[in-house]
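J.:
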Amino acid sequence: MKNFESANLQSLLEEVAIGARSVIGRGKVADYIPALARISPDKFGMVVCGVDGSEFAIGEADETFSIQSLSKVFALILALETVGPNTLWKRVGREPSGSAFNSLVLLESERGLPRNPFINAGAIVVTDSITAHSVSPILQLMGLVRRLAGNQKIYLDENVAQSEAEHGHRNAAIAHLLKSQGNLEAVVEDVLAAYYRQCAIAMTCRDLARSFLPLANGGTHPLSGEKVMTPLRVKRINSLLLTCGLYDGVGNFAFRVGIPAKSGVGGGIIGVIPGKYSICVWSPELDQTGNSLAGTRALELFSRKTRLSIF
Ligand code: GLU
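Our numbering numbers the first residue of the sequence shown as 630 and each following residue consecutively.
1) With H, G and I counted as helix, E and B as strand and the rest as coil, what does DSSP make of Phe633?
2) Using the C-alpha atoms, what's the distance from Ala750 back to Ser932?
3) Who are the Cβ neighbours of Lys701 in its own chain at under 6 Å, not counting the five residues just before and after it?
4) Should Cys828 be listed as close to the ligand ADP, given that the test is whether its C-beta is under 6 Å from any heavy atom?
5) Given this structure, state the Cα-to-Cα distance separating Ser840 from Glu795, to the nearest angstrom.
6) Taking just the CA atoms, how far does Arg723 sit from Asn788?
7) Tell me which same chain residues have a C-beta within less than 8 Å of the C-beta of Leu915, skipping the five on either side of it?
8) What's the call for Lys793, buried or exposed, on a 16-neighbour Cβ count within 10 Å?
9) So Asn863 and Gly874 are in contact, right, with Cβ under 8 Å, and what is the actual spacing, rounded?
10) When every heavy atom of the ligand GLU is checked, does at least one fall within less than 6 Å of the C-beta of Asn745?
11) Following the continuous beta strand (DSSP E) through Phe884, name the residue where it begins and the one where it ends.
12) Hey, would you say Gly653 sits closer than 7 Å to Leu707, going by beta carbons?
13) Select from Met832, Gln791, Ser853 and Leu807 the residue whose C-alpha is nearest the C-alpha of Leu733.
14) Based on the DSSP secondary-structure assignment, which residues constitute the bridge partners of Cys909?
15) Since I believe Pro714 is in contact with Arg744 (beta carbons under 8 Å), could you give me their beta-carbon distance rounded to a whole number of angstroms?
16) Check each candidate in Val910, Gly674, Arg835 and Ile696 and name the one with the smallest Cα separation from Ser683.
17) Assign Thr925 to buried or exposed, taking buried as 16 or more other Cβ atoms, counted over all protein chains shown, within 10 Å of its Cβ.
18) Can you tell me which of Pro851, Ala845, Arg826 and Gly900 puts its alpha carbon nearest to the alpha carbon of Thr872?
19) Could you name the residues that DSSP lists as bridge partners for Ser695?
20) Can you grab the Cα-Cα spacing for the pair Thr833 / Ala646, in whole Å?
21) Hey, quick one: how far does the alpha helix (DSSP H) through Ile759 stretch, first residue to last?
22) Going by the CB atoms, is the gap between Val764 and Arg720 shorter than 7 Å?
23) Which of the three DSSP states is assigned to Ala686 in this structure?
24) Figure out for me which residue from Leu735, Ile668 and Met771 has the closest Cα to the Cα of Glu589.
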């Protein structure tokens, strides 16, 4: 073990898990996608991966869950590779939205330019930019995710995708509005199908923490040596995570935790401490802003006990 933090990390994670589990029961599992409502609310898993190759895990760290909006980060990485930043950033903004992740209001008033790539409207544009340039956007995305996680067995849960498609009226409304505003290239149904399927990718905390390591390591994957992106792109993506990664709870999360992160309604949160760690935590009960309740608590305890944050 090389430093104070990693020497004590396993026992620290045990304390974090106890503290985080104590808030389970006070939140609510997402039920607007029926397939997600069936998940047992008392799950908790956490994995910390170090850029030095170290790895620490606690709880249900190897159980798969629905990554949902965490997929928006992978899609952004792929879209930036596919169409390039100049094209993409003409179609999506970089400001926090201050409204719900699936809101239509801002899109109408701001004439089809979504505030950022992590609200649904922005993510649908990001997915569109991949869909319009690929015969199989999902295979491409799965390829990236499997490569980053180092796990070829990562799969897509078609039941979750189907369930979301059947109840995806707001997302369909967003996509049609974007199309009418001239900010959707591909056929609406194709973009929505790709979007629902990317959200339905199933991964474990371990897969996710490993796959985010390049964002903690200047763009190079410490496990494979692959140069995934430039340091400039890392800086930009991490900045977007900090300002836009947690829906309308992003300010409070930054206040409590102080690390760039992205959450999903499946209960996952993935965070990055540049130069040190990527951290994934999963617990399905959500707070009122749609972020994992115990997951947020776990990351808050982690940053306090280790004194690690970006500040
Ligand atoms: N598939 C979800 C939706 O579009 C993702 C939401 C989320 O995790 O924020 O509603």
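Every residue gets a Cβ at the ideal spot worked out from N, C-alpha and C, and that includes glycine.
No experiment lies behind these values; they were computed from the predicted model shown.
T.: Taking the geometry as given:
1) Numbered from 1 along the sequence shown, position 4 holds the residue referred to as residue 633. With a pLDDT of 49 at Phe633, under the threshold of 50, the modelled position of that residue is not reliable, and no figure is offered here.
2) Against the sequence shown, residue 932 aligns to sequence position 303. Against the sequence shown, residue 750 aligns to sequence position 121. A straight-line Cα-Cα distance of about 31 Å links Ser932 and Ala750.
3) Walking along the sequence shown from the start, residue 701 turns up at place 72. Taking Lys701 as the centre and dropping the five residues before and after it, the same chain places the C-beta of Phe747 and Ala752 closer than 6 Å to its C-beta, in chain order.
4) No copy of the ligand ADP occurs in the structure displayed; its ligands are the ligand GLU alone.
5) Within the sequence shown, the letter at position 211 stands for residue 840. Within the sequence shown, the letter at position 166 stands for residue 795. One C-alpha to the other measures close to 30 Å.
6) Sequence index remark: in the sequence shown, residue 788 carries index 159 (1-based). Sequence index remark: in the sequence shown, residue 723 carries index 94 (1-based). Cα-Cα distance, rounded: 32 Å.
7) Translated into the one-based positions of the sequence shown, residue 915 becomes position 286. For Leu915, where only same-chain residues beyond five positions count, the Cβ hits under 8 Å are Gly656, Lys657, Val658, Ala659, Val894, Gly896, Ser921 and Leu922.
8) By one-based count along the sequence shown, residue 793 stands at place 164. First, the amino acid is wrong: residue 793 is Glu here, not Lys. With 16 or more other Cβ atoms within 10 Å, it is buried.
9) Against the sequence shown, residue 863 aligns to sequence position 234. Against the sequence shown, residue 874 aligns to sequence position 245. Note that residue 863 corresponds to Val in the displayed sequence, not to Asn. At roughly 14 Å, the Cβ-Cβ gap does not stay under 8 Å, so Val863 and Gly874 are not in contact.
10) As a working mapping, residue 745 is identified with position 116 in the sequence shown. No, the beta carbon of Asn745 sits no closer than 6 Å to any heavy atom of the ligand GLU.
11) Taking the sequence shown and counting its residues from 1, one reaches residue 884 at position 255. Note, Phe884: premise wrong, no beta strand (DSSP E); alpha helix (DSSP H) at Val879 to Arg885.
12) Walking along the sequence shown from the start, residue 653 turns up at place 24. Walking along the sequence shown from the start, residue 707 turns up at place 78. One point to set straight first is that residue 653 is Ile, not Gly, in the sequence displayed. The answer is no: Cβ separation not under 7 Å.
13) Position 104 of the sequence shown holds residue 733. When each option's Cα is compared against that of Leu733, the closest is Leu807.
14) For the purposes of this step, residue 909 is taken as the residue at position 280 of the sequence shown. Partner(s): Val676 and Ile899.
15) Sequence index remark: in the sequence shown, residue 744 carries index 115 (1-based). Sequence index remark: in the sequence shown, residue 714 carries index 85 (1-based). In this structure Arg744 does not touch Pro714 by the C-beta definition: roughly 17 Å separates them, more than the 8 Å allowed.
16) Here residue 683 is taken as the residue at index 54 of the sequence shown, counted from 1. Nearest C-alpha to Ser683: Arg835.
17) Numbered from its first residue, the sequence shown carries residue 925 at position 296. When all chains shown are included, Thr925 counts as buried.
18) If you number the sequence shown from 1, residue 872 lands on position 243. Ranking the options by Cα distance to Thr872, first place goes to Gly900.
19) Within the sequence shown, the letter at position 66 stands for residue 695. Ala831, per the DSSP bridge assignment.
20) Locating residue 833 in the sequence shown gives position 204, counting from the first residue. Locating residue 646 in the sequence shown gives position 17, counting from the first residue. C-alpha separation (whole angstroms): 17 Å.
21) Numbered from 1 along the sequence shown, position 130 holds the residue referred to as residue 759. Asn749 to Thr760 is the extent of the alpha helix (DSSP H) around Ile759.
22) Stepping through the sequence shown from its first residue, residue 720 is reached at position 91. Stepping through the sequence shown from its first residue, residue 764 is reached at position 135. Contact flag unset, no.
23) Taking the first residue of the sequence shown as position 1, residue 686 is located at position 57. Of the three classes helix, strand and coil, the one that applies to Ala686 here is strand, per DSSP.
24) Not covered by the structure: residue 589. The range shown for the chain is 630 to 940.
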